[in-house]
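Down below is the structure, laid out as structure tokens.
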Amino acid sequence: MSSGSAIRGSRVGSSPMRPDERTEPAPRRQITYFCAAGHDSIIWFAAEAAAPETWDCPRCGHPAGLDSSNPPGRLRAEPYKSHLAYVKERRSDEDAAAILAEALAKLRQRRGE
1 MSSGSAIRGS RVGSSPMRPD ERTEPAPRRQ ITYFCAAGHD SIIWFAAEAA APETWDCPRC
61 GHPAGLDSSN PPGRLRAEPY KSHLAYVKER RSDEDAAAIL AEALAKLRQR RGE
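Here the sequence shown stands for residues 1 to 113, numbered as in full-length UniProt numbering.
Structure, rendered in structure tokens:
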């Protein structure tokens, strides 16, 4: 039987499935970016928006620029750093020794030594 909806798959207050014929989309322009790997990416922007100088290439992730003959260089790959390497950047050896002594004192106190 009928569920009460005149058009199957629709509900009251829903928007039309296709754009309204009485409206126009905002004016847009396409900008082409070029990366060092040889990819070119077409990105759409609003007509009044300023295009950025660089854009991340959607294919390889490297920076892409507006000049096809001189694209920006690849990002320098930083070596993997462990958690300890980051801690050593922030703390001196004296700080580390003080923190270790404090932790050992708490441990010994808990154990009853």
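Note that beta-carbon positions come from the ideal geometry of N, C-alpha and C, so glycine has one too.
{"Query": "Beta-carbon separation of residue 26 and residue 46 under 8 angstroms?", "Result": "yes"}
{"Query": "Would you decide whether residue 86 is buried or exposed? Buried here means 16 or more other CB atoms lie within 10 Å of its CB.", "Result": "exposed"}
{"Query": "I need the straight-line Cα distance from residue 67 to residue 79, nearest angstrom please.", "Result": "29 angstroms"}
{"Query": "Specify the secondary structure class of residue 67 as computed by DSSP and reduced to three states.", "Result": "coil"}
{"Query": "Could you spell out the range, first to last residue, of the beta strand (DSSP E) harbouring residue 46?", "Result": "40-46"}
{"Query": "Can you give the Cα-Cα distance for residue 71 and residue 77, rounded to whole angstroms?", "Result": "18 angstroms"}
{"Query": "By how many angstroms is the C-alpha of residue 106 removed from the C-alpha of residue 100?", "Result": "10 angstroms"}
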